[in-house]
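*Asks:*
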């Protein structure tokens with residue numbers, strides 16, 4: 263399971279301040295910390311970026327790539343910000359992401375073909391809503407795959423995000439149990455070892471108590487890992503969470519276990 | 263997932279002292295604590311009990327049942343100690359357990375029929391050794407089921423223990439990943455919703471560092487839970503472990519989530 267840091271996000275006041283004042287130091291500092299913590303990739307979540315979106319995305323990509331060459335994940339709904347990030351990035355890029363919504367199919371999906379980049383496809387319907395059951399999820403996964411192929415994007419560029427449901431939703435637990443199954447069966451359904459990604463913090467959206475958030479996230483993370491999830495988007499600066507992620511990788515590695523590894 | 267306490271065991275010095283001096287107070291105290299912690303069943307692990315095995319088992323069953331009517335699990339290789347426990351128990355009993363080893367088939371399995379009790383079948387071959395791969399595990403599960411039926415034991419009495427491997431074994435991680443799959447597929451293989459049980463502390467046998475033991479156990483417990491394990495044999499007096507077990511039950515419950523539940 264690849265560990266992708268979700269820490270560089272505009273909702274983080276340090277990052278927001280850095281972007282507002284175009285000061286690269288805080289973003290560089292955080293990128294260094296994420297690398298030191300063992301991140302395998304860094305998500306850059308800029309939100310919609312209503313003013314000067316291209317400039318701000320370029321600024322963040324550039325700042326981070328001054329200190330690390332980890333792959334980056336361009337996490338925004340703004341196509342021109344994604345294009346700007348793709349244009350400037352020196353390392354491998356994952357576009358985050360597209361869905362069956364018309365504007366995303368038209369404006370975001372083609373960027374993956376144009377820049378030969380990986381792209382995350384969300385298991386959401388054409389209205390951007392999460393499906394209700396396994397069958398609907400499977401059908402959407404097949405459509406996402408077909409849309410990639412129609413756009414000339416090779417299947418190994420696709421990463422599917424089944425969309426972790428907030429537990430505060432009435433059917434959040436049911437949805438998240440179905441997600442485990444979906445992650446497990448997708449490679450068989452699609453007929454190739456499709457990669458999957460999940461955003462762990464979604465699980466506890468709206469929940470304030472930090473201790474409870476973390477135990478819920480740790481437990482569900484272990485479940486995702488056992489189901490064969492490829493990439494987890496995670497708070498890499500939360501030590502207990504990170505320890506669980508590393509323990510998951512140790513248990514699922516199927517390599518001889520060493521007492522010194524953990 | 264049912265929580266079965268593994269705390270009443272002869273290797274625990276308090277329990278050993280109580281058995282040696284036939285003092286019911288320590289066993290009663292511990293049983294009270296296990297009940298208060300939320301145990302759904304109590305395993306009584308007496309080991310082989312070389313001297314006066316029947317008397318010692320009766321003593322423990324009786325002491326525990328003075329304070330709780332939780333189901334008990336008679337955990338010993340000694341058939342006459344199991345018989346003694348079955349004879350005296352006022353609550354539901356699970357025999358722990360039998361395997362394809364000849365003496366267990368002859369002396370332990372028939373007790374489940376005689377006393378109409380649940381019985382745990384170990385996924386071990388006829389020499390008492392753990393099998394190497396999925397196929398061998400499946401074949402043994404089918405044999406355990408057939409032996410039950412031949413002995414007139416109804417299929418819903420059988421609980422399969424796939425035997426958690428110590429991580430210190432060279433292939434421990436591989437075995438334990440296969441176990442998750444086995445737990446998931448056994449109901450389909452056997453054609454009925456067969457129950458499964460796992461002893462969590464086996465995972466970290468031989469590992470001294472308590473903090474590492476617990477994080478490994480917590481992580482694998484979450485994986486077992488996601489795979490549909492029916493019963494976990496667990497240290498009910500370890501709070502972090504117990505919290506993870508309860509979080510597993512909350513996440514897998516598929517019931518509307520309440521912020522107050524955890």
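Chains as they are written, first to last, in my numbering: chain L, 263 to 524; chain G, 263 to 524. By construction, the Cβ of each residue, glycine as well, lies at the ideal position given by its N, Cα and C atoms.
1. On the DSSP bridge list, what partners appear for residue 336(L)?
2. Does the beta-carbon of residue 403(L) have 16 or more other beta-carbons within 10 angstroms, so that it is buried, or is it exposed?
3. Between 429(L), 320(L), 297(L) and 412(L), which lies nearest to residue 466(L) when the distance is taken from Cα to Cα?
4. So with CB distances below 8 Å, who are the chain L contacts of residue 312(G)?
5. Pairs of beta-carbons, one from the region 335-344 of chain L and one from the region 302-317 of chain L, closer than 8 Å: are there three or more?
6. Please classify residue 366(L): is it buried, with 16 or more other beta-carbons within 10 angstroms of its beta-carbon, or exposed?
7. Does the region 290-309 of chain G touch the region 263-272 of chain G, meaning 3 or more C-beta pairs lie closer than 8 Å?
8. Would you identify the three-state DSSP class for residue 461(L), choosing helix, strand or coil?
9. Return the first residue and the last residue of the beta strand (DSSP E) that residue 269(L) is part of.
10. Rounded to whole angstroms, what's the CA-CA distance from residue 459(G) to residue 512(L)? Just pull it up for me.
11. Pull out every residue of the region 473-495 of chain G whose Cβ sits closer than 9 Å to any Cβ of chain L, in chain order.
12. What separation, rounded to the nearest whole angstrom, lies between the Cα atoms of residue 382(G) and residue 417(G)?
13. Could you compute how far the alpha carbon of residue 360(G) sits from the alpha carbon of residue 322(G)?
14. In its own chain, which residues sit with a C-beta less than 7 Å from the C-beta of residue 387(L), not counting the 5 before and 5 after it?
15. So the beta strand (DSSP E) residue 383(L) belongs to, where does it begin and stop?
16. Got a sec? Which residues, its chain only, sit under 7 Å from residue 521(L) by beta carbon, not counting five neighbours each side?
17. Name the chain L residues whose beta carbon is nearer than 8 Å to that of residue 369(G)?
18. Can you round the beta-carbon distance between residue 356(G) and residue 380(G) to whole angstroms, since I take them to be within the 8 Å contact cut?
19. Let's see if you can read the secondary structure: which residues bound the alpha helix (DSSP H) around residue 478(L)?
20. Taking the beta strand (DSSP E) that residue 371(G) falls in, what are its first and last residues?
21. Under the DSSP definition of a beta bridge, which residues are partnered with residue 433(L)?
22. With a cut-off of 8 Å, does the C-beta of residue 515(G) fall near any C-beta of chain L?
23. Let me make sure I understand the geometry here. Which of 471(G), 305(G), 482(G) and 517(G) has the alpha-carbon closest to that of residue 435(L)?
24. For the beta strand (DSSP E) containing residue 493(G), name the first residue and the last one.
25. Please classify residue 451(L): does DSSP put it in a helix, a strand, or coil?
26. Let me confirm a value: residue 479(G) is counted as buried when at least 16 other C-beta atoms fall within 10 Å, else exposed. Which label applies?
27. Give every residue of the same chain whose Cβ lies closer than 8 Å to the Cβ of residue 278(G), excluding the five residues on either side of it in the sequence, and list them in chain order.
28. Have a look at residue 296(L) and residue 333(G) and give me their C-alpha separation to the nearest angstrom.
29. Shorter than 8 Å from the beta carbon of residue 439(L) to some beta carbon of chain A?
30. Helix, strand or coil for residue 282(G)? Go by DSSP, reduced to three states.
31. Please report the residue range of the beta strand (DSSP E) in which residue 422(G) lies.
32. Can you find the residues in the same chain that come closer than 7 Å, C-beta to C-beta, to residue 407(G), ignoring five residues on each side of it along the sequence?
33. Which value, in whole angstroms, describes the spacing of the CA atoms of residue 437(G) and residue 427(G)?
34. Assuming contact is defined by CB atoms lying nearer than 8 Å, are residue 493(G) and residue 457(G) in contact in what I supplied?
35. For residue 397(G), which three-state DSSP category applies?
*Replies:* Taking the geometry as given:
1. 306(L) and 357(L)
2. buried
3. 429(L)
4. Here the premise fails: no neighbours, minimum Cβ distance about 33 Å.
5. yes
6. buried
7. yes
8. strand
9. 264-271
10. 23 Å
11. 474, 477, 478, 480, 481, 482, 483, 484, 485, 486, 487, 488 and 489
12. 11 Å
13. 21 Å
14. 362, 393 and 402
15. 380-384
16. For residue 521(L), the predicted structure reports a pLDDT of 47, less than 50, and the residue's modelled location is therefore unreliable. A value from the coordinates is still provided. If we look at residue 521(L) and ignore the five residues flanking it on each side, it has no Cβ neighbours.
17. Under the 8 Å cutoff, chain L gives no residues; its nearest Cβ is about 36 Å from residue 369(G).
18. 4 Å
19. 472-488
20. Where residue 371(G) is concerned, there is no enclosing beta strand (DSSP E), although the alpha helix (DSSP H) it sits in stretches over 371-377.
21. According to DSSP, which records beta bridges pairwise, residue 433(L) is partnered with nothing at all.
22. yes
23. 517(G)
24. 493-496
25. helix
26. buried
27. 272
28. 49 Å
29. Among the protein chains in the structure shown, which are L and G, there is no chain A.
30. helix
31. 420-423
32. 417, 420 and 452
33. 6 Å
34. yes
35. helix
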